[in-house]
Amino acid sequence: MRKYSDKEKIIAASAGGFALLLMLSAVFSRDFALSANLVFLGTIVLIVPYAAYSFFAFKKIRIYEEEFPVFLRDLAEAQRAGLSIMQSIRLVSKSNYGSLTPHVQKMALQLSWNVPLEKVFGSFTERVSGSPLIVRSMMVIEQVNKSGEKVEDIMDSLANNIELLKDVEDEKAALLNQQVLMLYAIFFIFVGISLALVKFLIPLVESRLAPSTTSSVNTGLSSYSSFLPTQNPCEKCVGSGVPACFGCSTFGSVSLAFGFGDPKEASSYYKSLFFVMVAIQAIFSGLIAGQIGSDSVAAGVKHSVIMFIFGVFIYLIVVRLGLV
Numbered sequence: 508m509r510k511y512s513d514k515e516k517i518i519a520a521s522a523g524g525f526a527l528l529l530m531l532s533a534v535f536s537r538d539f540a541l542s543a544n545l546v547f548l549g550t551i552v553l554i555v556p557y558a559a560y561s562f563f564a565f566k567k568i569r570i571y572e573e574e575f576p577v578f579l580r581d582l583a584e585a586q587r588a589g590l591s592i593m594q595s596i597r598l599v600s601k602s603n604y605g606s607l608t609p610h611v612q613k614m615a616l617q618l619s620w621n622v623p624l625e626k627v628f629g630s631f632t633e634r635v636s637g638s639p640l641i642v643r644s645m646m647v648i649e650q651v652n653k654s655g656e657k658v659e660d661i662m663d664s665l666a667n668n669i670e671l672l673k674d675v676e677d678e679k680a681a682l683l684n685q686q687v688l689m690l691y692a693i694f695f696i697f698v699g700i701s702l703a704l705v706k707f708l709i710p711l712v713e714s715r716l717a718p719s720t721t722s723s724v725n726t727g728l729s730s731y732s733s734f735l736p737t738q739n740p741c742e743k744c745v746g747s748g749v750p751a752c753f754g755c756s757t758f759g760s761v762s763l764a765f766g767f768g769d770p771k772e773a774s775s776y777y778k779s780l781f782f783v784m785v786a787i788q789a790i791f792s793g794l795i796a797g798q799i800g801s802d803s804v805a806a807g808v809k810h811s812v813i814m815f816i817f818g819v820f821i822y823l824i825v826v827r828l829g830l831v
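Residue numbers (the numbering used here): 508 to 831.
Structure follows, in structure tokens:
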């Protein structure tokens, strides 16, 4: 029977949870707000578990790469003492290499069962396949061992090169952290601009909708409102169920789910529009920050979560308090 990986189990569980919540939203389709909340929750259930798994897997690989040079040096020293590479692995398996220790111990256990060294290395490589650095190093060690050269010298060289590479990456990360901070600053500026647009855009639309009620103070605003639509662009799509109105239905669902008002109102449309923009900006800015700072999109999950929580919280608080 095929054994499923943790990744496959998480994907299956997330997809199952999403399907269940989607069916519940269909059952409660008459309650539009509840249905929208269930779809929103289902999307979170679908995305967040896998994103969290990817992030923690990335962190685990980073820890492996930090401990791997120490393991190589210990292995090289044991061979210089006159032990074979298999005896050296059994010896160093008693040492502590953090998260890498169970993998080293498993190699020693396999060797005690007389499993060929090539298969032991192959099994180890599969378990740490998320790190190209370790995989390439193990390939080099395996080839050198087959050729009969001094493996201990190659191991020392690999350990030095890996540590040098990690130092360069740390220096790069320190420099790029400034860019990450800039992305945070840009995101929060975007949130502020979105709220400012909501505050000033809605009165402009309303002033054009009811020009007779505007005072002389709003005369200047009314002149600019001529460039704006006279009503909610999605008004005709509310409750229509037409596939072409999917985008407008999304804004209507957001409006009901977060209490922005009647989806037919122009103010609800713009509040929902900018809310969705803030959420999308948070997710993708975070992923970009991870790619810049850690050279991995998976590392950006934490940035996306932080930006999303703070961005949505600030937006909802400001709107609920009536400041916009």
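For each residue, glycine too, the CB sits at the ideal point set by N, CA and C. Here the structure is a predicted model, which means the values were calculated and not measured.
Notebook entry, point to check: Counting contacts by CB-CB distance shorter than 9 angstroms, is Met-784 in contact with chain C?
Noted result: Absent here is chain C; the protein component of the structure consists of one chain.
Note to self: Relative to the C-alpha of Ser-591, which candidate in Leu-672, Gly-754, Gly-807, Lys-657 has its C-alpha closest?
What the structure shows: Working through the sequence shown from its first residue, we reach residue 591 at position 84. Of all alpha-carbon atoms in Leu-672, Gly-754, Gly-807, Lys-657, the one lying nearest the alpha-carbon of Ser-591 is that of Lys-657.
Note to self: Please state the DSSP three-state secondary structure of Ala-526.
What the structure shows: Mapped onto the sequence shown, residue 526 falls at position 19. DSSP places Ala-526 in helix when its eight states are reduced to three.
Checklist line | Where the alpha helix (DSSP H) containing Gly-797 begins and where it ends | finding: Within the sequence shown, residue 797 is the residue found at index 290, counting from 1. Counting along the chain, the alpha helix (DSSP H) containing Gly-797 begins and ends at 773 to 801.
Margin query: Considering only the alpha carbon of each residue, which of Phe-575, Asn-652, Val-552, Leu-527 lies closest to Ile-517?
Written below: On the sequence shown, residue 517 is found 10 positions in, with the first residue counted as 1. The shortest C-alpha to C-alpha distance from Ile-517 to any of Phe-575, Asn-652, Val-552, Leu-527 is the one to Val-552.
Note to self: Less than 9 angstroms between the C-beta atoms of Ile-709 and Ala-773, yes or no?
What the structure shows: Start at 1 with the first residue of the sequence shown, and residue 709 comes out as number 202. Start at 1 with the first residue of the sequence shown, and residue 773 comes out as number 266. Contact: yes.
Note to self: Measuring straight from C-alpha to C-alpha, what distance separates Asn-667 and Ala-583?
What the structure shows: One-based indexing of the sequence shown puts residue 667 at position 160. One-based indexing of the sequence shown puts residue 583 at position 76. The alpha-carbon atoms of Asn-667 and Ala-583 are separated by roughly 12 angstroms.
Item checked: Own chain residues within Cβ distance below 7 angstroms of Ala-789, not counting five before or after -> Position 282 of the sequence shown, counting from 1, holds the residue named residue 789. Phe-694, Ser-811, Met-814, Phe-815, Gly-818.
Notebook entry, point to check: Just the Cα atoms here: how many angstroms apart are Ser-542 and Glu-515?
Noted result: Position 35 of the sequence shown, counting from 1, holds the residue named residue 542. Position 8 of the sequence shown, counting from 1, holds the residue named residue 515. Rounded to the nearest angstrom, the two C-alpha atoms are 28 angstroms apart.
Checklist line | Expected contact under 8 angstroms - CB spacing of Leu-682 and Ala-796 to nearest Å | finding: Counting from 1 along the sequence shown, the entry for residue 682 is found at position 175. Counting from 1 along the sequence shown, the entry for residue 796 is found at position 289. Wrong, their Cβ atoms sit about 14 angstroms apart, outside the cutoff.
Notebook entry, point to check: Taking buried to mean at least 16 other C-beta atoms within 10 Å of its own C-beta, is Ala-703 buried or exposed?
Noted result: By 1-based counting over the sequence shown, the position of residue 703 is 196. Per the 10 Å Cβ criterion, exposed.
Notebook entry, point to check: Taking just the CA atoms, how far does Leu-579 sit from Asp-663?
Noted result: For this step, residue 663 is matched to residue 156 along the sequence shown. For this step, residue 579 is matched to residue 72 along the sequence shown. For Asp-663 and Leu-579, the distance between alpha carbons rounds to 7 angstroms.
Item checked: CA nearest to the CA of Leu-828, picked from Gly-766, Phe-547, Leu-794, Val-546 -> The sequence position of residue 828 within the sequence shown is 321, counting from 1. The residue with the shortest Cα to Cα distance from Leu-828 is Gly-766.
Check: By Cβ distance below 7 angstroms, which residues in the same chain neighbour Val-599 in space, the five residues on each side in sequence not counted?
Finding: Locating residue 599 in the sequence shown gives position 92, counting from the first residue. The residues Phe-578, Asp-581, Leu-582, Ala-585, Val-611, in chain order, have a CB closer than 7 angstroms to that of Val-599 in the same chain once the five nearest residues on each side in sequence are set aside.
Margin query: For a quick check, are the C-beta atoms of Gly-793 and Val-783 less than 9 angstroms apart?
Written below: Within the sequence shown, the letter at position 286 stands for residue 793. Within the sequence shown, the letter at position 276 stands for residue 783. By the CB criterion at 9 angstroms, Gly-793 and Val-783 fall outside the cutoff.
Notebook entry, point to check: Is Met-646 buried or exposed, if buried means 16 or more other CB atoms sit within 10 Å of its CB?
Noted result: Position 139 of the sequence shown, counted from the start, is the residue given in the question as residue 646. By the 10 Å Cβ count, Met-646 comes out exposed.
Notebook entry, point to check: Can you tell me whether DSSP reads Ala-588 as helix, strand or coil?
Noted result: In the sequence shown, the residue the question calls residue 588 occupies position 81. The three-state reading of DSSP puts Ala-588 in coil, since its state is none of H, G, I, E or B.
Notebook entry, point to check: Hey, how far is the Cα of Leu-665 from the Cα of Ala-522?
Noted result: Here residue 665 refers to the residue found at position 158 when the sequence shown is read from its first residue. Here residue 522 refers to the residue found at position 15 when the sequence shown is read from its first residue. Straight-line spacing of the CA atoms in Leu-665 and Ala-522 works out to 42 angstroms.
Margin query: Spatial neighbours of Tyr-731 within its chain, please: C-beta separation below 8 angstroms, excluding the five flanking residues on both sides.
Written below: Indexing the sequence shown from 1 puts residue 731 at position 224. Since pLDDT at Tyr-731 reaches only 47, below the 50 mark, its modelled position is unreliable, and the value read off the structure follows with that caveat. Excluding sequence neighbours, Tyr-731 sits near Leu-711.
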